[in-house]
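A.B. asks: Protein chains in written order, with my numbering: chain A, 683 to 943; chain B, 980 to 1288. My structure is below; once you've seen it, I'll send some questions.
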């Protein structure tokens, strides 16, 4: 063994055996006299998969596999998120607003939601072109968050617009927002200028409605309705219905949020 | 303290398990164990497993084919066969991270951990993701205690279903365990932790360790912590807690998903050593710590230091 390989061997052994001598001056019955430690990487080298555990997990895995691979829709293009608007943020925001409208009709609430807000950071993955499976919707929306409707003042609505403008764009539907130098340059809801004295119904998720992502303006709404419907389930259901009805799904960027020079 | 790199992780495995042909690290003469003068306790520990039951997919850019509880379980079984006095412990964030959680909640995770023979665990922040009701349901699937010393569930539906501490006995040794959770306010939605009261982790630690060591005469005191390894900002962590403790021998950490080459050895408030360790996440690593106790109490110096050098 030459010097270098001997040195390497010693170095490697010294990493693997980390021995600490503890001499606890101990008034109790037992004394720790030595401590050996190592942190082990769990990879193929630690051995095969545990067969007992594997047989226990297999039925669960198989049942998920079927669900995960089931087809939700087929898309004409990839849906990738971006700012100020994007196909992905528009798709999910439109789904929320449509769901809100349908929910209000079914529940006879006597109103129709004006806008939808989807936090950009909450969309965790893009959707591919072609076949979209349930698994990909789980990757897009792993959270168990539920859709809520909140009634907010015109003032809160404008504060929300300010924050969207400052962040460069978020997911919205039912409104149009122009941004200039990080500030709101144009704001309309349903084609009309916003009114500070009016109120607006917004569809969003419970995380945001609870003031998450610094959306403090939503914390004390005039009214709140918890739909108890998970966003992920609604996305899966809506996209699947859309696909069955209209075929391949395409989404456009329609300038709902735009930058002004 | 360097982070694990791929290459030295591999070195670990080759050298410490396969080259030596065993999972045991014993360095002291066998006759002392045989005569009962020395007794060995092996602690295996995990954290932040996040429902990574299966190894990562081969298509995964970072961790292809690695980690996962099913693989970890074979290592645990071998280690237990070679070390009769073994403890398997977890430092929280068992929940959330794969569709297994979306589908089967925490129930499946705790069933699997029970099957693997976990001796104790604690609560991370992600255990609260779907509220206290789901923790309650999952706890019914666990055959081992969940220990939480600084979350007070008295006014919640979890009342009486977790333990503030636990004393485990192995090979005539008394091992005292307490658990510290991270502040939930701002991290978890209020409705998901409801009326859970939060107690200061340091004050709780000092109370628990003293009770376990002095009142109960534990031979070893272990803290299961989900506070995080260390922070730049002034926030309590395992690293800031350790030097303020007096009787805690080992802090098993989590939350920050920190890979360590080896545990950090710090000095506690009495100048005695305290170990701080963490094992990454997703069952990508496990910590293995072996304590050798002297039953006779006579020997002032170690009989042998054998570390193959």
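In this text, a Cβ means the ideal position worked out from N, Cα and C, and glycines have one as well.
Using a C-beta cutoff of 8 Å, does residue 1289 (chain B) count as contacting chain A?
C.D. replies: Residue 1289 (chain B) is absent from the model: chain B starts at 980 and stops at 1288.
A.B. asks: Below 8 Å between beta carbons: does that hold for residue 1085 (chain B) and residue 1129 (chain B)?
C.D. replies: no
A.B. asks: What does the Cβ neighbour count give for residue 811 (chain A), buried or exposed, with the cut at 16 atoms within 10 Å?
C.D. replies: exposed
A.B. asks: Can you give me, in chain order, the residues of the segment 1057–1068 of chain B that have a beta carbon less than 8 Å from any beta carbon in chain A?
C.D. replies: 1057
A.B. asks: Starting from the C-beta of residue 1176 (chain B), find all residues in its chain whose C-beta is less than 6 Å away, skip the five residues before and the five after it, and write them out in chain order.
C.D. replies: 1131
A.B. asks: Could you work out which residues of chain B lie near residue 830 (chain A), taking near to mean beta carbons separated by less than 7 Å?
C.D. replies: Neighbours of residue 830 (chain A) on chain B: none; closest Cβ ~12 Å, over 7 Å.
A.B. asks: Would residue 1204 (chain B) pass as a contact of residue 1250 (chain B) if the rule is Cβ separation under 8 Å?
C.D. replies: no
A.B. asks: If we ignore side chains and look at the alpha-carbon of each, how far apart do residue 1022 (chain B) and residue 1199 (chain B) end up?
C.D. replies: Whole-angstrom Cα-Cα distance: 11 Å.
A.B. asks: Kindly say whether residue 723 (chain A), judged by its beta-carbon, lies nearer than 8 Å to any beta-carbon of chain B.
C.D. replies: yes
A.B. asks: Going by DSSP in three states, residue 1210 (chain B) sits in which element: helix, strand or coil?
C.D. replies: coil
A.B. asks: Determine the DSSP secondary structure at residue 734 (chain A), reduced to helix, strand or coil.
C.D. replies: In the structure shown, residue 734 (chain A) sits in a helix (DSSP, three-state: H, G or I).
A.B. asks: Could you check whether the Cβ of residue 712 (chain A) sits closer than 8 Å to any Cβ belonging to chain B?
C.D. replies: yes
A.B. asks: With a cut-off of 8 Å on the beta carbons, I'd call residue 904 (chain A) and residue 857 (chain A) a contact; round off their distance for me.
C.D. replies: In fact, because the Cβ distance is near 18 Å, the residues do not count as touching under 8 Å.
A.B. asks: Could you confirm whether any beta carbon from chain A is found closer than 8 Å to the beta carbon of residue 1097 (chain B)?
C.D. replies: no
A.B. asks: Starting from residue 914 (chain A), trace the alpha helix (DSSP H) in both directions and tell me its first and last residue.
C.D. replies: 913–928
A.B. asks: State the beta-bridge partners of residue 1216 (chain B) as determined by DSSP.
C.D. replies: Looking at the DSSP output, residue 1216 (chain B) shares a beta bridge with no other residue.
A.B. asks: Give me the residue from B:1271, B:1051 and B:1236 with the minimum Cα distance to residue 1259 (chain B).
C.D. replies: B:1236
A.B. asks: Return no unless some Cβ of chain B is closer than 8 Å to the Cβ of residue 674 (chain A).
C.D. replies: With chain A running from 683 to 943 in the structure shown, residue 674 (chain A) is simply not present.
A.B. asks: What did DSSP end up calling residue 1120 (chain B) once you bin it into helix, strand or coil?
C.D. replies: Under the three-state reduction of DSSP, residue 1120 (chain B) is assigned to coil, being neither helix nor strand.
A.B. asks: From the DSSP output, read off the bridge partner residues of residue 886 (chain A).
C.D. replies: A:830
A.B. asks: Answer yes or no: do residue 1269 (chain B) and residue 908 (chain A) have a C-beta to C-beta separation smaller than 8 Å?
C.D. replies: no
A.B. asks: Can you confirm whether the segment 806–825 of chain A touches the segment 750–758 of chain A when touching is taken to mean that 3 or more C-beta pairs between the two stretches lie within less than 8 Å?
C.D. replies: yes
A.B. asks: So, for residue 1152 (chain B): in the same chain, excluding its five sequence neighbours on each side, which residues have a beta-carbon less than 8 Å away from its beta-carbon?
C.D. replies: Result list for residue 1152 (chain B): 1018, 1020, 1064, 1198, 1199 and 1272, in chain order.
A.B. asks: To be precise: take each residue of the segment 733–753 of chain A, compare its Cβ to all Cβ atoms of chain B, and keep it if any distance is under 9 Å. Which residues remain?
C.D. replies: 733, 734, 735, 736, 738, 739, 742, 743, 745, 746, 749 and 750
A.B. asks: Scan the segment 761–802 of chain A and note each continuous alpha helix (DSSP H) run of 4 residues or more that stays entirely inside, going in chain order.
C.D. replies: 769–788
A.B. asks: Tell me which same chain residues have a C-beta within less than 7 Å of the C-beta of residue 1244 (chain B), skipping the five on either side of it?
C.D. replies: 1252 and 1254.
A.B. asks: Three-state secondary structure (DSSP) at residue 944 (chain A)?
C.D. replies: This structure leaves residue 944 (chain A) out entirely; chain A is present only between 683 and 943.
A.B. asks: With 16 other CB atoms within 10 Å as the buried threshold, where does residue 1275 (chain B) fall?
C.D. replies: exposed
A.B. asks: In the DSSP assignment, the beta strand (DSSP E) including residue 857 (chain A) goes from what residue to what residue?
C.D. replies: 857–862
A.B. asks: Using alpha carbons as the reference points, say which of B:1048, B:1062 and B:1264 lies closest to residue 1149 (chain B).
C.D. replies: Here the closest residue by C-alpha is B:1062.
A.B. asks: State the DSSP-derived secondary structure class of residue 836 (chain A), mapped to helix, strand or coil.
C.D. replies: helix
A.B. asks: In terms of residue numbering, what span does the alpha helix (DSSP H) encompassing residue 1052 (chain B) cover?
C.D. replies: 1048–1061
A.B. asks: So, at 7 Å on beta carbons, what are the nonlocal neighbours of residue 839 (chain A) in its own chain, with the 5 sequence-adjacent residues on each side left out?
C.D. replies: 876 and 882
A.B. asks: Looking at the C-beta of residue 1161 (chain B), does it have a partner C-beta in chain A at a distance below 8 Å?
C.D. replies: no
A.B. asks: Excluding the five sequence neighbours on either side, which residues of its own chain have a C-beta within less than 6 Å of the C-beta of residue 769 (chain A), listed in chain order?
C.D. replies: 761 and 933
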